[in-house]
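Here the structure is laid out as structure tokens; the discussion comes afterwards.
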Amino acid sequence: MTQTQRGRRPPAPSSRERATGLGARARGGGSAGHRPAARASGTRLPVRDPGSTGSWFVSVSLLLVISAASLLALPLFTTTGWAVDAIVMAVSVIGGAALVRTFTGGVLWPALASVAAFIVVLSLRLQPDSVVDFFAVWGREGMLLIEQLASDAPPLRETHAAVTALVAVVGVVAALCDLFVFGLRGRVSAVLPLIVFPILPVALGVPEIDLWPTMWLAGAFVIYLFATTWWHQRIADERLADAGYLVDSRGVSGWFGAVGMAAAGLVIALVASIVVPTPAGVAWLTQGTGASLSTNRANPILDLGDDLRRSDPVDVLQYATSISSGPLPYLALVTLTQLDGASEWSPGEFAADATTDGGARLPEPAGVSAEAPTTSFGANIVVEQGVSPYLPHPGVPLQVQNLTTEYGLQASTGDLRELAGEALGQHFEYSGLRLDASPDLIASAPYLVPDELAGLTAVPDGAAAARIRSELEGIVDPNSSHYVQAQQVQAYLTSDAFTYSEVSPVAEGYDGTNLDVTAQFLDVKSGYCVHFSSAMAIMARMLGIPSRVQVGFTPGTPVSINSQDQLVYQVTSRDLHSWAELWVEGYGWVPFEATPAAGVGNTVVPDVTETGLDLPESPEATEEAPQADEEVEQTALPEASPTSDTVDPESAPIGSEGDALAWLGPAVGVAALVLLALLFVLAIPALARTLQRRRRRALVTGGAPGAAAIAWRELLAEARDHRAGVPMGADVRAQEDRLAELATAAPAAAPAGSPAADEIRTALERLRVAVERAAFARPDAGGEWPDWSDVERVERGIRDGSTRRGRARAVLAPASLTRGARARRARARMPAGRGR
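Position one of the sequence shown corresponds to residue 1 (UniProt numbering), numbered consecutively onward.
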């Protein structure tokens, strides 16, 4: 007859038992049929710690939460193709860890499996050329991402580098969450790494996030909370069962709590979305208006068509100019000089030959003779933040003043670029030069190609080039001069034979500027500015004329009149444009507009009376522009301002040094991230062993069932970490003797019989007695509870008796975590014993 049957009431449940849902029924008290199971004398301790093999239910629920949380990053990109790659990464990391955990039942091997899955998936995306290139390709992708973030704004272009970075973030978050859920046995706190997904849009200044990803996350979180609650309760029940107690089924316990917590979180999120102001983003991550423009790209011509086709044009800049009649110069931005095989037109490497520091006078434009007809003019320009690291400027730049930071001038192209590569907002005064050469003057110009420009006449050979050359032969008169032939090509492209269309190239699959696309464009005869300018530049090179493609803006639309009766022009993304420039001896780089008039718009100063604008009205965005000297002769270059400093042409280019310093920070950052990743991988064994020790200490000090066996396992694990031979198949007393020998080997504990050695042996004896009592005594019998301080005393003795190298190896590569399933069963089982 049990004590309960003799009339003794079972003890009241402890606070820990009440918190876990366990009480008298689990300890054997309560109704009939829930009595403690009697232990046979041969009963052994459980093979594994309950829950060590994890739970596929929890793993799947964790995968759902991570996938749903990653959807919060949808506003970061223009498309959603990255989501598939991100989910594949999460499935690989979580699934790999769960599979390994099922067979090993530890913490280390699943963590290493998740890291291995992360590396494999990321390597498949990066595709390194060799093992040596493995980390180098990571660095290259990191540099590309840094360059994109320096000039891009959300929604970002879905570049390979950007998607790879987000996929890597998903992988790291998945690995951390898996380790926290199954290593720390956490629930809500274990998924704290998921906070990175709502933080990213906020940091980048995404104005709003759709509600439906939040709803998906709330639903997935309910399933996750229920799964982890059910799993933790099952672990507690298994520990009770291992100790010999009968445990009832819990049904759907924890479901309503999970629903309630998720609902509360959703309500808080909804309230916060209403009360909290719209995020403006972190200053060093955001770049201006929040609209992604092709001008932000390293090569703006790649996505120029997307900006032309967008339904909501984005304001780019405003300007007022002293040009009161005649043609308005285009606003140049980036010069494209490189054309290699199947590649698109692209800019060359930027190297500054002078700077705008202090508003100094810039070098005179190369190739423009004193006899060339030109017009000097002034302008006051306001550029929105985030447009481009290149400075939009009309005509040929002569002087730029009042910039907030330093820009470099590349003399060979005329491009002005912020030296740190940032797309800043600017309000500056500008002095420039407009070339007024007529078609007749260009046609009669002498043909001469400078040696430094000979490379700009080359066109890669191939089938596409042959098709273009064949088309060219049917256009030009072989007996005409080079520049007359160029004008014949220009007339052909702007004729009625071609139609301007921003849609046809996309619909028929030839949207681009490479040779293959250009050949197809000449067959279809429909496209927009990038196709016409590319065809013009390629055919000019085939004629032996140096050529390039310029990306920038058409003059824009007048929107007001300032106090000096000057028109104020508004330029938007709809004014993005590309045009060809050809080198003409004596005139320098001359624009050759090959796009039909329908795709160019107005390029001449309109009559103020025909604009319908009131006089005068100065907008806040634009101050009055400086007036050009009306007495300036059309045939002479303007004199340098006496107050401006000239730039020494013999001085070394400053752009290369500035660029090197600008890349130094990102390079160090990428190297630091790689180093931190390696340190994290190396620290996984030590972290896993520390988590295991803390979990065991919490179970022992908290009075968990089987506490004595857990404390004894910790001692055996410590001995195993130090590569000490402890007879795992022997009985407890044999193991005690070996542990005592190890723990008293240190000089502080010798000789035998010293106070230190006696304390260690006494602690071991107390732990051994607790183990034997738990294995053989009645469940309701009293007795001493194991003291964790005894475990620490013995472990300290084992460490003191080991060498310095042995202690380091025990911390960095604990052998107790790498045991196989069969060895684990042998060590985890405690012999039944017959007593002594």
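A virtual CB, placed ideally from N, CA and C, is assigned to each residue, including glycine.
Between Tyr319 and Asn380, the C-beta gap is smaller than 9 Å, which places the two residues in contact. Beta-bridge pairing by DSSP links Phe118 to no other residue. Under DSSP, the beta-bridge partners assigned to Gln338 are Ser346. Fully contained in the segment 480-542 are the following alpha helix (DSSP H) runs of length 4 or more, in chain order: 482-493, 504-508, 515-524, 529-542. Under the three-state reduction of DSSP output, Tyr330 falls in the coil class, being neither helix nor strand.
For Leu398, the three-state secondary structure derived from DSSP is strand. Closest in C-alpha terms to Ala683, from the list Glu158, Asp306, Val107, comes Val107. Per DSSP, reduced to three states, the secondary structure at Trp579 is strand.
Rounded to whole angstroms, the gap between the alpha carbons of Val382 and Ala351 is 25 Å. For Ile223 against Val530, the beta-carbon gap comes to about 49 Å, at or over 8 Å, which does not count as contact. In the structure shown, His393 falls within a strand segment according to DSSP collapsed to helix, strand and coil. Selection Val584, Leu403, Arg467 evaluated against Leu448 yields Val584 as nearest (Cα-Cα). Residue pairing for Leu403: DSSP places it in no beta bridge. With contacts defined as CB atoms closer than 9 Å, Ser547 and Leu441 fail to qualify as a contacting pair.
For Trp712, no beta strand (DSSP E) segment is defined; the enclosing uninterrupted segment is the alpha helix (DSSP H) at 707-721. Boundaries of the beta strand (DSSP E) around Thr321: 315-321. Between the beta-carbon of Thr356 and that of Leu398 there is about 11 Å, and that puts the pair past the 8 Å contact cut. The residue from Ile199, Val181, Val791 with its alpha-carbon nearest to that of Trp231 is Val181.
Straight-line spacing of the CA atoms in Glu364 and Val93 works out to 60 Å.
The shortest CA-to-CA distance from Gly601 to any of Ile561, Asp565, Phe553 is the one to Phe553. In this structure, DSSP gives Gly95 a helical state, which the three-state scheme calls helix. Beyond the five residues adjoining it in sequence on each side, Ala598 comes within less than 7 Å, by CB distance, of Tyr500 in the same chain, given in chain order. A direct Cα-Cα distance of roughly 31 Å separates Asp523 from Gly556. In this chain, Gly432 is not harboured by any alpha helix (DSSP H); it is covered by the beta strand (DSSP E) spanning 426-435. For Pro591, the uninterrupted beta strand (DSSP E) run begins and ends at 588-592, by DSSP. The three-state secondary structure of Gly305, taken from DSSP, is helix.
By the neighbour-count definition (other C-beta atoms within 10 Å, threshold 16), Asn479 is an exposed residue.
If you look at Ala743, you'll find it in the alpha helix (DSSP H) that goes 732-743.
Met143 has its alpha-carbon roughly 18 Å from the corresponding atom of Ser346. Selection Gly81, Ser534, Thr690 evaluated against Ser343 yields Ser534 as nearest (Cα-Cα).
Scanning its chain for C-beta atoms nearer than 6 Å, with the 5 sequence neighbours on each side dropped, one finds around Arg768 the residues Val732, Glu736, in chain order.
In this structure, Ala743 sits away from Gly703, with a CB-CB distance that is not shorter than 9 Å. Separation of Arg234 and Asp790 (C-alpha to C-alpha, rounded to the nearest whole angstrom) is 29 Å. As DSSP reads the structure, Thr355 sits in a beta bridge with Gly408.
Of the other Cβ atoms in all chains shown, 16 or more fall within 10 Å of the Cβ of Val173; this residue is therefore buried. Here DSSP, grouped into helix, strand and coil, assigns Ser369 to coil.
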